[in-house]
Amino acid sequence: MAEEKSKRDENALIAERRRKLDALREAGNPFPNDFRRNALAEELLQSYDRHEDEYLREEDVRVSVAGRMMAKRVMGKASFIKLQDRTGQIQVRLERDRLPDDVYVAFKKWDVGDILGTSGALFKTKTGELTVMAEELRLLTKSLRPLPEKFHGLSDQETRYRRRYLDLIMNEDSRDIFRRRSAIIAYIRAFLDAQDYLEVETPMMQTTAGGAIARPFTTHHNSLDMSLFLRVAPELNLKRLTVGGFERVYEINRNFRNEGVSTQHNPEFTMLELYRAYADYEDLIAMIEAMLKGMSQSILGTEQVDYQGEHYDFGKPFERMTVEEVVLKFNPEFDSAKLRDRDYLADFARNLGIGVEHSYGSGKLLIEIFEKTGEDQLRQPTFVTQYPTEVSPLSRRNDDDLFVTDRFELFIGGREIANGFSELNDSEDQEERFRAQAANREAGDDEALQYDADYIRALEYGLPPTAGLGLGIDRLVMLLTNSPSIRDVLLFPHMRHEATP
RNA sequence: GGGGCGUUAGCUCAGAGGUAGAGCAUUCGGCUUUUAACCGACCGGUCCUAGGUUCGAUCCCUAGACGCCCCA
Numbered sequence: 001m002a003e004e005k006s007k008r009d010e011n012a013l014i015a016e017r018r019r020k021l022d023a024l025r026e027a028g029n030p031f032p033n034d035f036r037r038n039a040l041a042e043e044l045l046q047s048y049d050r051h052e053d054e055y056l057r058e059e060d061v062r063v064s065v066a067g068r069m070m071a072k073r074v075m076g077k078a079s080f081i082k083l084q085d086r087t088g089q090i091q092v093r094l095e096r097d098r099l100p101d102d103v104y105v106a107f108k109k110w111d112v113g114d115i116l117g118t119s120g121a122l123f124k125t126k127t128g129e130l131t132v133m134a135e136e137l138r139l140l141t142k143s144l145r146p147l148p149e150k151f152h153g154l155s156d157q158e159t160r161y162r163r164r165y166l167d168l169i170m171n172e173d174s175r176d177i178f179r180r181r182s183a184i185i186a187y188i189r190a191f192l193d194a195q196d197y198l199e200v201e202t203p204m205m206q207t208t209a210g211g212a213i214a215r216p217f218t219t220h221h222n223s224l225d226m227s228l229f230l231r232v233a234p235e236l237n238l239k240r241l242t243v244g245g246f247e248r249v250y251e252i253n254r255n256f257r258n259e260g261v262s263t264q265h266n267p268e269f270t271m272l273e274l275y276r277a278y279a280d281y282e283d284l285i286a287m288i289e290a291m292l293k294g295m296s297q298s299i300l301g302t303e304q305v306d307y308q309g310e311h312y313d314f315g316k317p318f319e320r321m322t323v324e325e326v327v328l329k330f331n332p333e334f335d336s337a338k339l340r341d342r343d344y345l346a347d348f349a350r351n352l353g354i355g356v357e358h359s360y361g362s363g364k365l366l367i368e369i370f371e372k373t374g375e376d377q378l379r380q381p382t383f384v385t386q387y388p389t390e391v392s393p394l395s396r397r398n399d400d401d402l403f404v405t406d407r408f409e410l411f412i413g414g415r416e417i418a419n420g421f422s423e424l425n426d427s428e429d430q431e432e433r434f435r436a437q438a439a440n441r442e443a444g445d446d447e448a449l450q451y452d453a454d455y456i457r458a459l460e461y462g463l464p465p466t467a468g469l470g471l472g473i474d475r476l477v478m479l480l481t482n483s484p485s486i487r488d489v490l491l492f493p494h495m496r497h498e499a500t501p
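See below:
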């Protein structure tokens with residue numbers, strides 16, 4: 001079956017190259033692995049591009065470079081090619097009479113996309129381009145599939161996502177996004193490591209899916225014959241570690257949520273979660289703001305972030321509003337005396353087209369109205385605080401106002417980037433909150449938190465006063481790479497099965 | 001879940017109810033400083049899939065697949 005498919009997949013271009021590969025096999029091993037380079041394209045440009053041709057010839061700078069042949073311009077007995085390595089491209093000049101016998105004739109059969117190694121001396125062409133004059137040239141890997149057209153490159157979105165390797169070969173912009181993603185994560189690690197945080201890894205497979213309000217994926221362990229959930233968050237395990245005395249912990253890893261796929265959502269996505277004992281949510285607000293400012297400066301070289309036609313100022317102090325303030329600001333007709341009046345909130349919500357369930361209390365209704373009318377308006381970096389207790393089952397209640405918790409979310413460009421709070425460390429209060437969630441579950445809410453008895457047991461040993469937060473890495477990378485879709489910042493985004501005609 | 005747009009050569013794209021087009025790539029020939037090299041010749045197609053309408057459908061209609069975007 002697979003064989004038939006691969007045969008159908010063959011076209012004349014591939015068949016031609018396969019014939020060339022057959023000929024190479026006749027002559028020896030077409031996949032040698034004994035060539036070693038001593039220079040990279042970008043390094044050479046940095047070191048030598050400022051020098052004149054005369055200087056280069058005098059110095060006789062001999063280098064070995066290797067990479068994928070991205071351009072091939074043959075002019076009879078001489079050619080120019082471009083080799084692309086991980087840093088960029090370097091031009092190579094081939095002259096038949098400077099190369100060993102027959103190498104140039106063989107080269108003429110090689111294709112754009114083949115991987116080559118070459119050695120020679122640097123010089124500059126008459127148009128001033130730094131170039132290697134080849135004295136040795138070897139084919140290191142034969143490429144059987146033709147690359148996209150050299151001028152327009154690969155622009156088909158679907159192919160770019162499905163064949164990321166091809167996208168990376170062809171699109172420097174795409175390579176840049178993933179280098180920047182790596183730099184962002186490295187920045188976070190350095191930032192936290194400098195504050196004595198311990199990086200940990202906790203299970204992806206859990207017997208109860210806790211720590212976030214979300215629908216989990218399920219799987220099954222055969223030899224133990226037990227159902228398992230892919231985690232929706234690492235939260236409860238990280239707090240268990242805080243109980244254990246790791247007072248500053250973080251994890252950067254994948255979460256899985258069995259929900260829709262969109263430009264903002266991928267079924268698996270990367271989160272930073274961290275916990276810090278003897279701190280409250282205000283400490284984390286200050287920390288995350290400092291981290292994002294420093295990150296922007298480090299990654300972009302500025303605290304001014306341009307994103308899809310909008311401009312976000314990371315330089316100014318981030319804005320602060322409570323949930324109730326947001327609701328009042330964007331709903332001028334809302335009666336500010338009735339922010340906690342369940343009947344008023346229910347009517348208001350229905351008028352907005354929100355489906356109101358009997359089980360919804362005023363906290364849930366308030367947050368529904370907030371999400372429907374406010375979130376999208378929060379363009380500049382804004383910390384929203386004082387989330388209702390009803391929708392914050394793991395957060396510590398506010399000392400002065402038990403209706404809300406000491407919780408914040410950070411919004412940028414209308415999107416939630418981070419969510420954090422002072423942790424609920426009263427095991428008896430947590431037990432009650434779990435029961436309330438369990439009741440919602442009974443009522444049919446399959447996103448409600450599952451009761452986690454061991455977590456209660458851990459809290460009973462004593463979780464020090466702690467604050468924690470989660471930060472969506474993918475959305476942050478989107479912001480700092482000006483990417484409109486989460487797929488642009490995931491190397492292998494989730495896609496449906498490829499269409500089979 | 002609803003709506004809009006798209007799917008044609010390896011890639012980027014035109015196109016019309018009646019034998020399917022271009023550029024690049026490939027193949028062959030020429031060319032020792034090119035920059036999307038150039039000049040000449042050739043080659044290359046399940047027009048996403050299945051049904052329907054029609055003398056005839058890749059084009060029109062219906063359904064589906066996949067992708068992009070918007071809304072819930």
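Following the working numbering, the numbering of the first sequence begins with 1 at its first residue and continues without gaps. Glycine included, C-beta positions come from ideal geometry on N, C-alpha and C.
Item: Work out the CA separation of D176 and I169 for me, nearest whole Å.; Value: 12 Å
Item: Between the region 129-149 and the region 452-467, can you find at least three pairs of beta-carbon atoms closer than 8 Å?; Value: no
Item: Is DSSP giving D173 helix, strand or coil here?; Value: helix
Item: Residue range of the alpha helix (DSSP H) that E409 falls in?; Value: No alpha helix (DSSP H) contains E409, which is instead part of the beta strand (DSSP E) from R407 to I412.
Item: Among V232, A286, R240 and G153, which has the Cα closest to the Cα of N258?; Value: V232
Item: Do S536 and E135 have their C-beta atoms closer together than 8 Å?; Value: Here the chain comprises residues numbered 1 to 501, so residue 536 is not present and cannot be evaluated.
Item: Below 7 Å CB to CB, which residues in the same chain sit around L137 once its five sequence neighbours on both sides are set aside?; Value: L94, L99, V103, F107, L116 and T118
Item: Since I believe V327 is in contact with T373 (beta carbons under 8 Å), could you give me their beta-carbon distance rounded to a whole number of angstroms?; Value: 7 Å
Item: Going straight from the alpha carbon of R189 to that of S296, what length do you get?; Value: 15 Å
Item: L480 and R215 - do their beta-carbons sit closer together than 8 Å?; Value: no
Item: Where in the region 165-222 do unbroken runs of the beta strand (DSSP E), each at least 3 residues long, occur, reported from the N-terminal end onward?; Value: 218-221
Item: Measuring alpha carbon to alpha carbon, tell me which of L238, N171 and I213 ends up nearest F201.; Value: Residue identity differs from the one stated: residue 201 is Glu in this sequence, not Phe. That would be L238, whose Cα lies nearest to the Cα of E201.
Item: The alpha helix (DSSP H) that contains M291, what's its start and end?; Value: Y281 to L300
Item: For L469, write down the residues that DSSP places opposite it in a beta bridge.; Value: L274 and G420
Item: Verify whether the separation of the beta carbon atoms of F403 and T382 is less than 8 Å.; Value: no
Item: Over the uninterrupted beta strand (DSSP E) stretch that includes Y307, give me the two end residues.; Value: Q304 to Y307
Item: Which same chain residues end up closer than 7 Å to M42 when comparing Cβ atoms and leaving out the 5 residues on each side of it in sequence?; Value: It is Glu, not Met, that sits at residue 42 in the sequence shown. Once the five neighbours on either side are set aside, the close Cβ partners of E42 are T87 and G88.
Item: Name the two residues that bound the continuous beta strand (DSSP E) containing G117.; Value: I115 to K124
Item: Using the DSSP secondary-structure output, state which residues sit across from R73 in a beta bridge.; Value: F80
Item: Taking the DSSP output, what are the residues bridged to M478?; Value: Answer is none; M478 lacks a bridge partner.
Item: Tell me S227's beta-bridge partners as DSSP assigns them.; Value: H220
Item: If the criterion is Cβ atoms closer than 8 Å, does the pair G462 and F269 meet it?; Value: no
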